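Q: So the sequence shown is numbered by full-length UniProt numbering: it starts at 1 and just counts up by one.
Beta carbons: idealized from backbone N, C-alpha and C, even for Gly.
Source: prediction; values computed, not measured.
Following this message is one structure expressed as structure tokens.
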Amino acid sequence: ENTSLLDIYLSTGNVIEPHIHQNAAELVYCISGSAVVSLLNPFTNQILNLPIKPGQVANIPQAWWHYEIATADGTHLLAIFDAPTPEVIFGSDILRLTPANMMAHTYCLDEQQWKQAISPIQSTTVIGPPANCNQNRGTINPTTQPPNPQQNLYYQDSYYFPLYWGY
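Structural data, given as structure tokens:
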């Protein structure tokens, strides 16, 4: 009654863009291929990278910023939500719809550089990168993180997920 499903089909390097579901938790089940489900823990400000293969799942708590990247062609994921109609806020919408002058003022950015940087984002992305992307089309390593001495990379090649006890 209060659940819904979403089939996701991806090729290597395709990404379900960063987003949140403000009204639903999500369980991502890998049917075929492989992917890395990455989520931002809002309590520790750490990115957790959860590699999944067929038969494995990743749990995303409600309203956590997350994204999925396929690490194999023919990846089929099943997203299971605890809401009949999961709501979503996509990163591409936040970037392109927030006025440039507000972003520049808030984050001390050059407004023209900001406008230029986000100019390729013309609509909601959902699955990226877009086919017309002229950037390096090679795949990124989703488990590679920028240096951060406070970040513990214990999850690099394991499936460890720290216990999470509610809100």
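1. Can you tell me whether DSSP reads aspartate 73 as helix, strand or coil?
2. Do the region 103-120 and the region 3-18 make contact, defined as three or more Cβ pairs closer than 8 Å?
3. Is alanine 79 helix, strand or coil when you go by DSSP?
4. Assign asparagine 59 to one of three DSSP states: helix, strand, or coil.
5. Specify the secondary structure class of glutamine 145 as computed by DSSP and reduced to three states.
6. From this set, His66, Gly74, Val126, which residue's C-alpha is nearest cysteine 30's C-alpha?
7. At 3 residues or longer, and completely inside the region 84-118: list those beta strand (DSSP E) runs for me, N to C.
8. Any idea what DSSP makes of cysteine 133, helix, strand or coil?
9. By the three-class DSSP mapping on this structure, what secondary structure does proline 54 have?
10. First and last residue of the beta strand (DSSP E) that includes isoleucine 16?
A: Straight from the coordinates:
1. Reading the sequence shown from its first residue, position 73 is the one you call residue 73. Three-state result, aspartate 73: coil.
2. no
3. Taking the first residue of the sequence shown as position 1, residue 79 is located at position 79. Residue state, collapsed to three classes: strand.
4. Taking the first residue of the sequence shown as position 1, residue 59 is located at position 59. Strand at asparagine 59.
5. By one-based count along the sequence shown, residue 145 stands at place 145. Below a pLDDT of 50, predicted positions are generally treated as unreliable, and glutamine 145, at 45, falls in that range; the measurement from the model is reported next regardless. Coil at glutamine 145, not helix or strand.
6. Here residue 30 corresponds to residue number 30 of the sequence shown, with the count starting at 1. Checked all of His66, Gly74, Val126; the closest Cα to cysteine 30 is Gly74.
7. Taking only runs of at least 3 residues, no beta strand (DSSP E) segment lies wholly in the region 84-118.
8. Here residue 133 refers to the residue found at position 133 when the sequence shown is read from its first residue. It is coil, neither helix nor strand.
9. Along the sequence shown, read from residue 1 onward, the residue named residue 54 stands at position 54. Here proline 54 sits in coil by DSSP.
10. Here residue 16 refers to the residue found at position 16 of the sequence shown. It spans 15-20 - the beta strand (DSSP E) in which isoleucine 16 sits, taken as one unbroken run.
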